[in-house]
Amino acid sequence: MTHAPVADRFWAKVIRKAPDECWPWTGSSSRGRGSISVNGRSRTAPSVALDLAGRPSPIQGLFACHTCDNPNCVNPDHLWWGTNQDNIRDAAAKGRLPLQKATHCKQGHAFTPENTRLNGFGRRQCRECQRAHRRKNKRKVKAMRIAALSASNAAQVSK
Ligand SMILES: [Zn+2]
Ligand SMILES: [Zn+2]
254 MTHAPVADRF WAKVIRKAPD ECWPWTGSSS RGRGSISVNG RSRTAPSVAL DLAGRPSPIQ
314 GLFACHTCDN PNCVNPDHLW WGTNQDNIRD AAAKGRLPLQ KATHCKQGHA FTPENTRLNG
374 FGRRQCRECQ RAHRRKNKRK VKAMRIAALS ASNAAQVSK
């Protein structure tokens, strides 16, 4: 069975719908992504869909990204090659990353585009909280300086 052509094995596990619809992958998946073994290597289903559609990756190290919001979709028309960074940015922009389901940070500030920073891992950070954190640190440093100063003053007075 595993010796059947990749295209046959692949399309047997896809529910092909109208060209503009999402085509769900029904095969196996690993870590939440559809996967299929090709020449003994496990590959993601969307990247194989692009290969089979005659659009193989132009360079190495690219990932199949979705224009639709459906990670399970393997409709080649909904797929494009991007870098991992593209993928993260794209997912982040669509609020698709697992950590991004929340619309507000822990302190209740809304994750608006203006108030949201992405770190290198695609994690959202609340600018408002970061500002508050910096202010707090500044106050702490100032308080420590004052304490140190008054301690040394007190020491001098007691001499
Ligand atoms: Zn789709
Ligand atoms: Zn916040």
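Under the working numbering, read the sequence shown as residues 254 to 412, first letter to last. In this text, a Cβ means the ideal position worked out from N, Cα and C, and glycines have one as well.
Chain-order list of residues whose beta-carbon lies under 8 angstroms from that of residue i (same chain, five-residue window excluded)
i: residue 272; result: 328 and 330
i: residue 383; result: 370
i: residue 286; result: 297, 298, 299 and 324
i: residue 268; result: 276, 277 and 279
i: residue 291; result: 259 and 301
Residue i vs residue j beta-carbon contact at 7 angstroms
i: residue 278; j: residue 260; result: no
i: residue 377; j: residue 369; result: yes
i: residue 315; j: residue 334; result: yes
i: residue 326; j: residue 275; result: yes
i: residue 322; j: residue 359; result: no
i: residue 301; j: residue 289; result: yes
Contacts around residue i, its chain only, beta-carbon distance under 6 angstroms, and the 5 residues preceding and following it disregarded
i: residue 343; result: 318
i: residue 385; result: none
i: residue 381; result: 362 and 368
i: residue 485; result: Because the chain spans 254 through 412 in this model, residue 485 falls outside it and cannot be assessed.
Unbroken beta strand (DSSP E) run spanning residue i, endpoints
i: residue 291; result: 286-291
i: residue 317; result: 316-319
i: residue 264; result: Counting along the chain, residue 264 falls outside any beta strand (DSSP E), though it belongs to the alpha helix (DSSP H) covering 259-264.
i: residue 333; result: 332-335
Cβ neighbours of residue i in the same chain (closer than 7 angstroms, five flanking residues each side left out)
i: residue 356; result: 363 and 364
i: residue 263; result: 289, 301 and 305
i: residue 339; result: 318
Cβ-Cβ separation, residue j to residue i (assumed contact under 8 angstroms), whole Å
i: residue 295; j: residue 283; result: 7 angstroms
i: residue 280; j: residue 270; result: 16 angstroms between Cβ atoms; not a contact.
One or two residues paired with residue i in a DSSP bridge
i: residue 483; result: In the structure as shown, the chain begins at 254 and stops at 412. Residue 483 is therefore absent and cannot be evaluated.
i: residue 396; result: Its beta-bridge partners do not exist; DSSP assigns none.
i: residue 282; result: 287
i: residue 386; result: According to DSSP, which records beta bridges pairwise, residue 386 is partnered with nothing at all.
Boundaries (first-last residue) of the alpha helix (DSSP H) holding residue i
i: residue 295; result: No alpha helix (DSSP H) contains residue 295, which is instead part of the beta strand (DSSP E) from 294-297.
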